[in-house]
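One line per chain: the protein sequences are A, B, C and D, in this order. Just so we're aligned, residue 670 is where the first sequence starts under my numbering, counting upward by one. Just so we're aligned, residue 206 is where the second sequence starts under my numbering, counting upward by one. Just so we're aligned, residue 640 is where the third sequence starts under my numbering, counting upward by one. Just so we're aligned, residue 77 is where the fourth sequence starts under my numbering, counting upward by one. For each residue, glycine too, the CB sits at the ideal point set by N, CA and C. The next block holds one structure in the form of structure tokens; read it before the comments.
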Amino acid sequence: MRLALVALVLLAQSKPDVLVVRGGRIVPISGPEIENGMILIADGKIQKIAASIEIPAGAKVLDVPKGAWVLPGFIDAHSHLGSAFDVEESTESLTPEARAVEAFTSRHPDVRAALGSGVTTVALAPGNGNLVGGRVGVVKLNGQRYDRALLRTIAGTKASLGGEALRPDREPTSRTGAVAMLRDRLRDPKSDLLQSPLFVHATTPGEIESALELQAAFKLKMTIVHARQAGDAVDRLAASKLPVAFGPLFVSDRREIFETPGRLAKAGVPLAFITDAPATSEEHLRAMAAFAVKYGMDRDAALRALTTVPADILGLSKECGSIAEGKAADLVVWTGDPLSLASRVEVVLVDGQVTWRGDDK
Amino acid sequence: MRLLALVLALSLQASEKSPVTVLRGAKVYTAAGAPLEHAIIVIENGKIAAVGKEIPVPPDARVIEAAGKTIIPGLIDPASRLFLPPGERSAGSAEQTVLDALDLYQRDYREAVEQGVTTVYVGPASLGIVNGLGAVVRLDAAHTILVKEAALRLTLGASGGESSTALERYQSYPQLKQAFESARQYVEAGEKYRKDLADVEAKKAKKEEAKEPTKPKVDPRQEVLARALDPKGTLRVRIEVHTADAIALALQLAEDFKLRVILEHATDGGPAAEAIAKAKTPVVVGPVFRYGGYSVDYLNHSTATAAALVKAGVPVAIGSFGDEKAGQWGPGASRFLAESAALAASRGLTRDQALASITLEAAKILGIDKTHGSIEKGKAADLVLLNGEPFESGTVVEQTFLDGAAVYTRRAP
Amino acid sequence: MRYLLALLLVGASPDDATVAIKGARVIPVSGPEIENATILVRAGKIEAVGKDLEIPWDARVIDGAKKVVVPGFVEAHTSRGTDRPNERLASVPFVSTFDSINPVDPFYEDALRQGITTLCVMPGNDTMIGGQGCVVRPTGVTTESMMVVRNVAMKISLRPRPGVSRMAHLAALRKELGDAAELVKEKKADADPRREAMSRLLKGLLPAHIYCPTASDVHRALDLAETYKLKAKLVLGRDGWKAAAEIAKKGVDVVLDPELEYWETDEERHDEVRRFGGASLAKAGVKFAFQTDAMPYGTGYLWYQAATSVKNGLSRAEAIRAVTLAPAEILGLGSRIGSIEKGKDANLVVLTGDPLDAQAWVDTVLIEGRVVYERAKDEKLKRVMEVKK
Amino acid sequence: MMALAAALLTSLCAQDDQIVLTNAKILSVSGEPIAKGAVVVRGGKIVAVADNVVFPEAKVIDLSGKVIIPGLIDAGCMLGVAGPANEDGEEVAPQVRIVDSLDPRSPDLARARQSGVTAAFVEPGNRGVIGGVASIVRTSGPSRAAMMVRESAALKAVIGPTPAQGNFSPRGSAPSFFARRPTTRMGVAWELRKAFFDAGRGAGDDPGKAVLAQALAGKLPVRIAASRITDLETAMQIADELGLTIVFEEAQEAYKRADLLVKKNIPVLLRLSVNGTAPMYFGEQNEVRLDAFSLLIKAGVKTALLSTGDPRSEGMLPAVSFAVRGGASPAEALRAVTLTPAEILGVADRMGSLEAGKDANLVVLSGEPHDVTTRVEKVMIDGRWVFGEKTDK
């Protein structure tokens, strides 16, 4: 099985069972940084991280250039990558059974570009045009065929309280109607909306209010998606303890929106950045973190917002999101601080495999 | 930090009275040569009177201590949307000027100044092939117009963030050609009239019979096109191009009429780099941050385009362009000019090239490099004082100077 | 409708009659208020204003006790009371609202009911060069009989039509003015009736009323006026007052937007702010007038505009001036109307109370010495309102 | 009164959150005007309204020359509703709650607040026969919950032509979503009757029917928008049949049957908007009278005034001025934007007048409320300044 895959891996190379990444500044996110550390990888998983590790016999060594940084692969918690906008089944306003992963094309050029930007895991979501759009899934950008890139078919369900879900020619036509419909649906204890976490599109303070009210009324496991205008709802969100999948940030946005992620994080809201690709590109994921830092967000919080928080939101915290023993060896070697936009990706490892290199075109 | 701000504020107050200001001790990226460590910049009457390491400080000068800081030239956005109200788009024409569209009461420019931008080029965002005249605007309180007619803007392909078809592009080219052809005839008619008039005058002087020539009608549109055609003129022609075929057509048009052409966007510039370099045509690259959609024109968008062009020897400036593809047409993109250059640097530009692309190279493309764009003696004192190395996370603008006056001072956090 | 207007006029005294308004509080605008004063009107003109005037034996006496007399209000800019006010062609300098004013439009009747005695009816704001406007009285059964000044000014609008950008609009406007200027220079304009108006405009014989929808259009209007030597008055949009300094520098008169008070979102403070521009203009020393529109509580409420501006800090005198003498002067009629002074047209409004008080109603209106409105005889008002004495 | 203030003096001085507003003219609405008095606020409540007394150690705000009135109550509006105020999916939508569309940070709310409106009855629009449930909110608060005064305040219904407008299939086209019922005035009345009839036969677990059943049980008032007298009469008949408690709004022709309204004890909410020259040239329009308010008041109908809803009319104070212009007394007009709407909404126990024990919702004016030149200078909601003074955010 594994042998068969080799042909699919773009980079033709021998596949050692054991790999050691040596040197560089290791930023595990979940633990303290290690200058010039080493990471032992076997069977695609991280076995050990330390300042110095004895290199096992037969192990391959990946030497990281001086000054380079090693971080876990970034995770985009809400994207339509490689789906060409084809993620809205608009005949009805409630289509919970539609699966976003089924619109994914693993050979899409944007997937390569995402790897080159240090993104290794992406949540694929249905669009905002339906009140309930369907299931959110997760793919690993391992350069493999769709079915083998699939990490989760159902990581949650997408609902939308945004204006896009309101249409003049079908129910609901207003947010009052939208909330009434959702409430009606949730009242049934066997409701399909209660089977998996809800990802609720809510951008404006009013939409966020409605999401929080629904959550409180039905005790939902919920993530607020977008929350771009959450600046006025910081305290409410913090009190709710719900995570926020924030973004995207557009360069022409008002200053207040750039300041919002920092304010949310400071208030203790678990925050992950999202690209909503193709609304922006996966290359934009760390740019958003860089912008947020520029507008007051704590550096560490910004890095967590690209790694551990999205992993938590997607239910992947045991599998990826940080450089920790037992987790997938999704590692990205950067030429420097990834939050400095002039830094670039040197090497990307996904499940311990070199999946992308800096000289890649 | 608080103390520093206070010192800066005090020194600033005094400097209003004092004609000479000195910035002492910073690392200076002049954009015109190697960086100078512990340098001194002398500012007099809004201009840089001297810059270097061993420069005497004039006795009555107001000295701003900047040791440990970095100074770069004021940033120049060669493709900004500042002051342009949303929806300002309709069929253009050569004589239309963006100055008629600017909303000088918009406040967004303040944020650009806070990020070190001191000068912007704003072009018309019209629908159609001939858009009109762009201008260079200073980000001082008066919004001084530095160059009233900086360039005539044309479009070969997508205009205003829309998508174009190959057919449209191939139709645009002969239309543009015809426009310049008719302008050429207009110029010739004018020359003929002046010659005929001189002949008539001469005949009249000799008391001979002479028929007055008919004066050709003044056409403001043709006048502008004629200025673009004038070999001795200064009016440049900026052409929006994305696809490789459009780039080829633009270069052909430049060749046909010997225009002073600058390409905008050049989204497919990577593969076309050699041809552009051969034609010695400068390019304003951008937007570096990509937004939305799969329009044909932006399909091959790449952060590496700037590097590919520079590598081929093309003069490159990076513009913010506003995030047209996000459908937001916001003026705020100029704020992130430095970030745009930084991201381009992550894909092949050196940091020096990245800095030049938003300072001196931009000035050259706008035709203002004799007075702006680098930290050199005699140029306008447009300076940005940073707390660290440019393009690094954590580096912030502490002060922006425009014509020697601090137009922004960062408040202590 | 015609019938009704005729009825209203039945009570009117002949032109040469003598009228005396006795014992009223008079707000002359041109001078201090006078308590318990008498106004003598003869042959349509104000003959005297004072405290102890002898009332001629033949005068019709209007008891002004507990009443207030103000000059007839002047509406400096309106496009109502006409057939469609905007021509579809972008440039129609040759048309005139004279041909579009509808004398029986209820608008005029309402205006009169609110004490407006003079209106400048201009083409609308949607046409680039919209044509010429006229100054009228809100009485008369024919346009001719309403006329005070025919073709008083040219309307130019800087508001681009939908789908047209500002730069395209201004380029077209400049071309239009430039071409006309060329013709004037070559003396080809005057003989052509279609060009005659443009010729007068460019020779400075016909003022230009330039509509500036935003503050940023003000400098463009001022530039145009300078380039083409136009005698310009500006009709401002809501935020036009932001350009008060520029306007003051050029010494140009302005008419404010009907929406005097409006809300703006302050992006920096992230809050809503109530804006009022009259004070900035007054401070800058600009001469300004108010105009009205169909407001939620009624139409033709120039008094309400004045009261609104007092609410926002303008002085009482400035506010009343902005609905009387200032618009009269802006229309070039400052020597004839706008104040209660000897020799001026007897356009007088007798109010039951202070002009800025919502409880005050217009009791009697005189235009050029004739009583043209009496509340006690206003049958329409009686149908919707119990009229108290 | 003096004694009361003196007694309070000692106990109040020590309080930190106590605010004393002195030297102002006080129009409490519930009592006689006080020419120069003080309002004492503590813990979000009014603790005293008194003749002017000196509070030596308390935090005092001197309001000499100013007038204090109770916070204004807009008893029929869509303030803060972001997006559509009508759910067009169904013509009868009792399960819908307008608060779900309420945006606490809406600019409308900020504007209303600054204009002196401290509480609002927020309702669905007029396109549905039954539009949904309306709520009473304060105009300030970080969240809907914090703004809420009463979530289920009334059921919104419409009698008249508006719900029927646009309900037809364009000729030749296939029946579509827009081809919903009703299409006529009589159809509107029929839909309304039918909805209540169905709900009366048992609500089951249908949340919409449960709301209708509440109204049938007299536990939830029905707010009926109806302008013409024929519609008002229809509505009164249906209300009698079904035993509904009703309140009228938009009732421009209510003055024609003031007698009936008095007899049935039905309150009226009136918008004074006259739509330009309309009242005098009605033709097909409603017969609006400029003195409609004054006529209703004189006949004894409980009548409150609404704002015009037009952003140009600057809130509710102009309604007071124009009611006075239409013949009402200043006191009657002021009551119609404060205590009367509070009574109609059933919240007079906590707002609507300046009385000890009520919520500290008040407005400081530069002059008399009916004077057009009067400015709103400060606004307090629940003891917190929301405009004019340093606001507590």
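Closest in C-alpha terms to C:ASP932, from the list C:VAL925, C:LYS926 and C:LEU941, comes C:LEU941.
The CB of C:LEU995 comes closer than 8 Å to the CB of VAL448 and THR449 in chain D, given here in chain order.
Excluding the 5 residues flanking it on each side, B:ARG343 has same chain C-beta neighbours closer than 6 Å at THR324, THR349 and LEU351, in chain order. Counting along the chain, C:TRP942 sits inside the alpha helix (DSSP H) bounded by residues 941-950. Taking the beta carbon of A:GLY832 as reference, the chain D residues within 7 Å of it are GLY159, listed in sequence order.
At a cut-off of 9 Å, the C-beta of C:ARG913 has a neighbouring C-beta in chain D. Here A:LYS963 carries a helix assignment [DSSP, helix/strand/coil].
In the three-state reduction of the DSSP assignment, A:MET957 falls in the helix class, which pools H, G and I. At least one CB atom of chain B sits nearer than 9 Å to the CB of C:ALA807. In the structure shown, D:GLN171 adopts coil according to DSSP, grouped into three states.
Leaving aside the five residues that flank B:GLU316 on each side, the residues in its chain whose CB is nearer than 7 Å to its CB run, in chain order, GLY537 and ARG540.
Cβ-Cβ distances below 6 Å link A:HIS777 to GLY751 in the same chain, with the five nearest sequence neighbours on each side left out; the list follows chain order. In the pairwise beta carbon analysis, the segment 330-341 of chain D is classified as touching the segment 304-312 of chain D: at least three pairs are separated by under 8 Å. Closest by C-alpha distance to A:GLY990, out of A:ALA720, A:LYS714 and A:GLU925, is A:LYS714. A:GLU994 places its beta carbon less than 9 Å from that of A:LYS717. Around the beta carbon of B:ASP574, 16 or more other beta carbons lie within 10 angstroms, which makes this residue buried. Here the alpha carbon of D:GLU199 sits roughly 23 Å from the alpha carbon of A:THR872. Counting along the chain, A:ILE982 sits inside the alpha helix (DSSP H) bounded by residues 977-982. The criterion of a C-beta distance shorter than 9 Å is satisfied by A:ALA794 and A:VAL805.
The alpha-carbon separation between C:PRO762 and D:ASP184 amounts to approximately 34 Å.
Shown here, D:ILE145 sits in a strand according to DSSP, grouped into three states. Here C:TRP696 is exposed. Its C-beta has fewer than 16 other C-beta atoms within 10 Å.
In the structure shown, D:ILE305 falls within a helical segment according to DSSP collapsed to helix, strand and coil. The segment 456-470 of chain B and the segment 420-439 of chain B touch, with three or more beta-carbon pairs separated by less than 8 Å. Using a Cβ distance threshold of 9 Å, D:ARG189 and D:VAL455 count as a contacting pair.
Under DSSP, B:ALA611 takes part in a beta bridge, and its partners are B:PHE606. For the 9 Å CB-CB criterion, A:PHE919 and A:PHE942 do not form a contact. Nearest to A:VAL1017 by alpha-carbon distance, out of A:ALA753, A:VAL780, A:ALA728 and A:ILE703, is A:VAL780.
Note on the segment 384-458 of chain B: whole alpha helix (DSSP H) runs with a minimum of 4 residues are 425-434, in chain order. Among the bridge pairs identified by DSSP, C:GLU714 is matched with C:LEU758. Taking a Cβ-Cβ cut-off of 8 Å, the neighbours of C:ARG859 in chain B comprise ASP305, given in sequence order. If the five residues before and after D:GLY207 are omitted, its C-beta is found closer than 6 Å to the C-beta atoms of PRO200 and LYS232, all from its own chain and listed in chain order. Separation of B:ILE276 and A:ILE698 (C-alpha to C-alpha, rounded to the nearest whole angstrom) is 33 Å. Boundaries of the beta strand (DSSP E) around D:ASP127: 121-127. One Cα belongs to B:VAL489, the other to B:SER298, and the distance between them is close to 22 Å. The closest CA to that of B:ASP404, considering only B:GLY395, B:LYS416 and B:GLU393, is found on B:LYS416.
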